[in-house]
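For the working numbering, count along the sequence shown from 1 and bump the result up by 4.
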Amino acid sequence: MRWTIRLDRGLFPDITVAVRMNRLNISTRDYLILPSTDMDSAIMRVAEYNGISLDAYMFDSLAPLFEMAERVSVKEVA
Numbered sequence: 005m006r007w008t009i010r011l012d013r014g015l016f017p018d019i020t021v022a023v024r025m026n027r028l029n030i031s032t033r034d035y036l037i038l039p040s041t042d043m044d045s046a047i048m049r050v051a052e053y054n055g056i057s058l059d060a061y062m063f064d065s066l067a068p069l070f071e072m073a074e075r076v077s078v079k080e081v082a
């Protein structure tokens, strides 16, 4: 299985979330949470297994995205 992901650079996103669907396009297989700083191409071709350079951005849920967006007090960060 292969997927083509087109990254919209016109809006200058910090993060792009791509959803890979299963073979029948019925349910979600996994999610790619792609930071724009590490994506240098407007079109990506993704396979089932891509090596650590891309598979590091694959997650079974969107929980990591929600964790990144979670509010944190300034005292915790400093």
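Glycine included, every Cβ here is placed at the ideal spot set by N, Cα and C. Please read all numbers here as calculations on a predicted model, not as lab measurements.
Check: Should the stretch 33-45 be regarded as contacting the stretch 58-73, the criterion being three or more beta carbon pairs within less than 8 Å?
Finding: yes
Next item on the list: Measure how close the beta-carbons of Ser-40 and Thr-20 come, nearest whole angstrom, since I'm counting them as under 8 Å.
Entry: For the purposes of this step, residue 40 is taken as the residue at position 36 of the sequence shown. For the purposes of this step, residue 20 is taken as the residue at position 16 of the sequence shown. About 7 Å; that satisfies the 8 Å criterion.
Item checked: Pairwise C-alpha distance: Met-72 and Ile-9 -> For this step, residue 9 is matched to residue 5 along the sequence shown. For this step, residue 72 is matched to residue 68 along the sequence shown. Approximately 22 Å, taken between the alpha carbons.
Check: So what does Phe-63 bridge to, in DSSP terms?
Finding: Within the sequence shown, residue 63 is the residue found at index 59, counting from 1. Answer is Tyr-35.
Check: Taking the alpha-carbon positions, what's the Leu-58 to Val-23 distance?
Finding: What you label residue 58 is simply residue 54 of the sequence shown in a count that begins at 1. What you label residue 23 is simply residue 19 of the sequence shown in a count that begins at 1. One C-alpha to the other measures close to 14 Å.
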